[in-house]
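Asks: Read left to right, the sequence shown gives residues 1 to 473 (this note's numbering).
The beta-carbon is built from N, C-alpha and C at its ideal position, and this holds for glycine as well.
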Amino acid sequence: MPETITYDALLSRIQAHDGAAHDVFDPATGALIGRAPVEDESALERAVERAHAAQPRWAALSDDARRAYLHDAADAVERWAEPLAELLSREQGKPLEGLNARFEVGGCVAWLRATADTPLPHEVVVDDESTFAEMHYRPIGVVGAITPWNWPMMIAIWQIAPALRMGNTVVAKPAQSTDLSGLAIAAILNIVLPEGVLITVTGSGRTIGQALAAHPSVGKIMFTGSTEVGKQIIEASAGNVTRLTLELGGNDAGIVLPDVDPAAIAEGLFWGAFINTGQTCAALKRLYVHDDVYDDVVSHLAAFAAAVPMGVGLDTGNLLGPLQNRKQYETVARLVSAARDSGARIVLGGEPDPAAAGHFYPTTIIADIDPHNPLVVEEQFGPALPVIRYSDIDGVVALANESEFGLGASVWSRDRAAAQEVAGRLQAGTVWINSHGGLHPMVPFGGAKHSGYGREFGIEGLKAVSEPQVVVG
Ligand code: NAD
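(1) What separation, rounded to the nearest whole angstrom, lies between the Cα atoms of valine 126 and valine 472?
(2) Starting from tryptophan 111 and walking both ways along the beta strand (DSSP E), at which residues does that stretch end?
(3) Answer with buried or exposed for isoleucine 337, where buried requires no fewer than 16 other C-beta atoms within 10 angstroms of its C-beta.
(4) Please indicate yes or no: does the CB of arginine 138 lie closer than 8 Å to some heavy atom of the ligand NAD?
(5) Could you give the DSSP three-state label for phenylalanine 360: helix, strand or coil?
(6) Kindly examine the ligand NAD and report whether one of its heavy atoms sits closer than 8 Å to the Cβ of glutamine 176.
(7) Between Gln427, Ala253 and Leu212, which lies nearest to glutamate 235 when the distance is taken from Cα to Cα?
(8) Give a single yes or no on whether phenylalanine 445 has its beta carbon closer than 8 Å to a heavy atom of the ligand NAD.
(9) Got a sec? Which residues, its chain only, sit under 6 Å from glycine 272 by beta carbon, not counting five neighbours each side?
(10) Helix, strand or coil for methionine 222, going by three-state DSSP, please let me know.
(11) Classify valine 397 as helix, strand or coil using the three-state DSSP reduction.
(12) If you measure from the CB of glutamine 500, is any heavy atom of the ligand NAD nearer than 8 Å?
(13) To the nearest angstrom, report how far apart alanine 367 and proline 354 are at their CA atoms.
(14) Under a Cβ-count criterion, where at least 16 other Cβ atoms within 10 Å of its own Cβ denotes burial, should threonine 6 be classed as buried or exposed?
(15) Between the alpha carbons of alanine 238 and alanine 186, how many angstroms are there, rounded?
(16) Do you know offhand how far isoleucine 275's Cα is from threonine 131's?
(17) Using only alpha-carbon positions, find the residue among Thr242, Leu257 and Leu301 that is nearest to glutamate 267.
(18) Quick check: does the Cβ of phenylalanine 381 come within less than 8 Å of any heavy atom belonging to the ligand NAD?
(19) Between the C-alpha atoms of alanine 306 and isoleucine 265, what's the straight-line distance to the nearest angstrom?
(20) Secondary structure at methionine 442, three-state DSSP: helix, strand or coil?
(21) Near valine 109, which residues of its chain fall below 6 Å by C-beta distance, leaving aside the five closest residues on each side in sequence?
(22) Here's the rule I'm using: 16 or more other beta-carbon atoms within 10 Å means buried, otherwise exposed. How should serine 413 be labelled?
(23) Candidates Leu439, Ala184 and Arg206: which alpha carbon is nearest isoleucine 199's?
(24) DSSP state of threonine 227, grouped into three classes?
(25) Using only CA atoms, which one of Ala163, Ala409, Leu88 and Phe360 lies nearest to glutamate 456?
(26) Any contact of the region 402–411 with the region 247–265, i.e. 3+ C-beta pairs under 8 Å?
(27) Counting pairs of Cβ atoms below 8 Å between the region 23–43 and the region 202–216, do you hit three or more?
(28) Note down the Cα distance separating tryptophan 80 from tyrosine 288, rounded to an integer number of angstroms.
(29) Please tell me whether, using a cut-off of 8 Å, the distance from the CB of lysine 173 to the nearest non-hydrogen atom of the ligand NAD is below it.
(30) Please classify aspartate 392 as buried or exposed, where buried requires at least 16 neighbouring CB atoms within 10 angstroms.
(31) Runs of 3 residues minimum, wholly inside the region 55–107: which ones carry the beta strand (DSSP E) assignment?
(32) Measuring only the C-alpha atoms, how far is leucine 385 from proline 194?
(33) Report the residue from Glu134, Thr224 and Asp128 whose alpha carbon sits nearest the alpha carbon of alanine 175.
(34) Check whether the region 139–151 and the region 114–128 are in contact - that is, three or more C-beta pairs closer than 8 Å.
(35) Are the beta-carbon atoms of glycine 382 and serine 451 separated by less than 9 Å?
(36) Can you tell which of Ala21, Asp370 and Thr4 has the C-alpha that lies nearest to the C-alpha of alanine 344?
Dropping the structure here:
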């Protein structure tokens, strides 16, 4: 029978039919869109057992066979791309168009294929008269994949694809507020994968996530989420010496040098900060602009921002959406209020519509703000950007590095050498020059300081889900 590829067919594959479940609401409209299962620790236990049982067979396949499975999985995601994007838009809130839902599903396909195509041969480490030693990369076993709600399909693929490629099986745990998206992407992969290789368990972080991190049969946890929960995972997994890749919070600084053309950089600054309505780990979250160009940069940025439509994701033309959940809305509202009360200048936005049905917070730009204001120091994770004036490069580098976070940063200048010199002084896992936040499946990504440790993507990413073994002789 040919597959029926519709939104309803996708939903019926993943909906909770019996047992404990929670209602899922569209954050743009408040409409009920489905019910997601709430599983308990016994479900997690069964999932780990199944994944553990399936792992030796999966690991025994050739690398080429597993690569072929990943390409088949990418084909399946391509076939189901439109229903997946619709579900993502309804549940996460992001619009279909722009750098949003269709883009995210496309990212899943791109990362599956790039992960399949990245070669990782044995590496000869010494070859001399007395010694021949090679590094081989072996499977670890069962990998736990714990994801956040901002890019719920793509981040799941970032964790799942390399783990599978390297011969591990995976137990995935989506964020509870985007359970359906996590279940859906895994369900589509499972159209082609063998039984037991990828299992998703939904439920609260405190029960399912914690139990997964603490499970003695789980050899590695890939975690993307907040620094606070990252620390809980370190503690929960310590007794088992579980390997960890931690992609945690960020508060990325952008530094604009005095030689820029403010009109030319406005679009790049805007999307660096407001991609996914600001709900992106490596979004630009505090912008430092040199006094010489400050007023022009702020006015060009605000003019660009004012023209970008925000609204219900399924409606044509929208490029920004609501906050995904009420808690995040309240964080943004609190930080903007604190900034306003401190005397900072609201250049754009800052006045949410109290009658709006969803969690919409308007695009907000705040100028002349103190560098130690909470909106600058904390991770806002939403559409409110503070723009801080500076005049001294050493001072601004020090401010950028004051944060406990160190995920990304950017430097904006016409002079590449000058920008690179500043980049070299910033404590961040990635520094972009004249852009912010762009990711590539072959370019390693990860954080410094409290933004985590380990790197994803490319060869580094494959090594991160392997056990290195030296073979001598
Ligand atoms: P979160 O830390 O609240 O939750 C992330 C995941 O952890 C969810 O699946 C949650 O259910 C689970 N969880 C919660 N408590 C747990 C526990 N005790 N043990 C194990 N798992 C537990 O994060 P969030 O609110 O979903 O996402 C937003 C945060 O994620 C932001 O700080 C953002 O910067 C960060 N983030 C980082 C990256 C990155 O690559 N560095 C990417 C996206 C998001």
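Replies: According to the structure shown:
(1) What you label residue 126 is simply residue 126 of the sequence shown in a count that begins at 1. What you label residue 472 is simply residue 472 of the sequence shown in a count that begins at 1. Between the C-alpha atoms of valine 126 and valine 472 there is a straight-line separation of about 9 Å.
(2) As a first step, residue 111 must be located in the sequence shown, where it is residue number 111. First-last for tryptophan 111: 101–117, but that is the alpha helix (DSSP H), not the beta strand (DSSP E).
(3) Here residue 337 corresponds to residue number 337 of the sequence shown, with the count starting at 1. In the sequence under discussion, the amino acid at residue 337 is serine, which differs from the isoleucine named in the question. Around the Cβ of serine 337, a 10 Å sphere holds fewer than 16 other Cβ atoms; the residue is exposed.
(4) Your numbering for residue 138 matches position 138 in the sequence shown. Every heavy atom of the ligand NAD is 8 Å or more from the Cβ of arginine 138, so no.
(5) The residue you call residue 360 lines up with position 360 of the sequence shown. DSSP, read as helix, strand or coil, puts phenylalanine 360 in coil.
(6) As a working mapping, residue 176 is identified with position 176 in the sequence shown. At least one heavy atom of the ligand NAD sits closer than 8 Å to the Cβ of glutamine 176.
(7) Locating residue 235 in the sequence shown gives position 235, where the first residue counts as 1. Nearest of Gln427, Ala253 and Leu212 to glutamate 235, Cα basis: Leu212.
(8) Here residue 445 is taken as the residue at index 445 of the sequence shown, counted from 1. Taking 8 Å as the cut-off, the C-beta of phenylalanine 445 counts as close to a heavy atom of the ligand NAD.
(9) Position 272 of the sequence shown, counting from 1, holds the residue named residue 272. Within the same chain, and ignoring the five residues on either side of glycine 272 in sequence, the residues whose Cβ sits closer than 6 Å to its Cβ are Leu284, His436 and Gly437.
(10) As a working mapping, residue 222 is identified with position 222 in the sequence shown. Assignment of methionine 222 by DSSP, reduced to helix, strand and coil, places it in the strand class.
(11) Start at 1 with the first residue of the sequence shown, and residue 397 comes out as number 397. Valine 397 falls in the helix class under three-state DSSP.
(12) There is simply no residue 500 to check, as the chain begins at 1 and stops at 473 in what is shown.
(13) Along the sequence shown, read from residue 1 onward, the residue named residue 367 stands at position 367. Along the sequence shown, read from residue 1 onward, the residue named residue 354 stands at position 354. For alanine 367 and proline 354, the distance between alpha carbons rounds to 24 Å.
(14) For the purposes of this step, residue 6 is identified with residue 6 of the sequence shown, where counting begins at 1. Around the C-beta of threonine 6, fewer than 16 other C-beta atoms lie within 10 Å, and the residue is accordingly described as exposed.
(15) Translated into positions along the sequence shown, residue 238 becomes position 238. Translated into positions along the sequence shown, residue 186 becomes position 186. Going by the C-alpha atoms only, they are around 28 Å apart.
(16) Numbered from its first residue, the sequence shown carries residue 275 at position 275. Numbered from its first residue, the sequence shown carries residue 131 at position 131. Spanning the two alpha carbons is a distance of roughly 52 Å.
(17) Here the question's residue 267 lines up with position 267 in the sequence shown. Comparing Cα positions, the closest option is Leu301.
(18) Counting from one through the sequence shown, the residue named residue 381 turns up at place 381. Yes.
(19) Locating residue 306 in the sequence shown gives position 306, where the first residue counts as 1. Locating residue 265 in the sequence shown gives position 265, where the first residue counts as 1. If you take the alpha carbons of alanine 306 and isoleucine 265, they lie about 16 Å apart.
(20) Against the sequence shown, residue 442 aligns to sequence position 442. Three-state DSSP puts methionine 442 in coil, outside helix and strand.
(21) Taking the first residue of the sequence shown as position 1, residue 109 is located at position 109. Same-chain partners within the cutoff: Ala74, Val77 and Glu78.
(22) The residue labelled residue 413 in the question sits at position 413 within the sequence shown. Buried.
(23) Residue mapping note: residue 199 aligns to position 199 of the sequence shown, counting from 1. Cα-wise, what sits closest to isoleucine 199 is Ala184.
(24) Looking up residue 227 in the sequence shown gives position 227. Reduced to three states, the DSSP call for threonine 227 is helix.
(25) Here residue 456 refers to the residue found at position 456 when the sequence shown is read from its first residue. Measuring from the Cα of glutamate 456, the nearest candidate turns out to be Ala163.
(26) The answer is yes - the region 247–265 touches the region 402–411, with three or more Cβ pairs under 8 Å.
(27) Taking a cut-off of 8 Å for Cβ pairs, the region 23–43 and the region 202–216 touch, as three or more such pairs fall below it.
(28) Numbered from its first residue, the sequence shown carries residue 80 at position 80. Numbered from its first residue, the sequence shown carries residue 288 at position 288. Within the model, the alpha-carbon separation for tryptophan 80 versus tyrosine 288 is close to 42 Å.
(29) Position 173 of the sequence shown holds residue 173. Because some heavy atom of the ligand NAD lies under 8 Å away, the Cβ of lysine 173 counts as near it: yes.
(30) Numbered from 1 along the sequence shown, position 392 holds the residue referred to as residue 392. The residue in question, aspartate 392, is exposed, as its Cβ has fewer than 16 Cβ neighbours within 10 Å.
(31) Listed in chain order, nothing qualifies, since the region 55–107 has no complete beta strand (DSSP E) run of 3 or more residues.
(32) By 1-based counting over the sequence shown, the position of residue 385 is 385. By 1-based counting over the sequence shown, the position of residue 194 is 194. Roughly 46 Å between the two C-alpha positions.
(33) The residue labelled residue 175 in the question sits at position 175 within the sequence shown. The option with the nearest alpha carbon to alanine 175 is Thr224.
(34) Below 8 Å, too few C-beta pairs join the region 139–151 and the region 114–128 to call them touching: fewer than three.
(35) Residue 382 sits at position 382 when you count from the first residue of the sequence shown. Residue 451 sits at position 451 when you count from the first residue of the sequence shown. Not in contact: glycine 382 and serine 451 (Cβ atoms no closer than 9 Å).
(36) Here residue 344 corresponds to residue number 344 of the sequence shown, with the count starting at 1. Selection Ala21, Asp370 and Thr4 evaluated against alanine 344 yields Asp370 as nearest (Cα-Cα).
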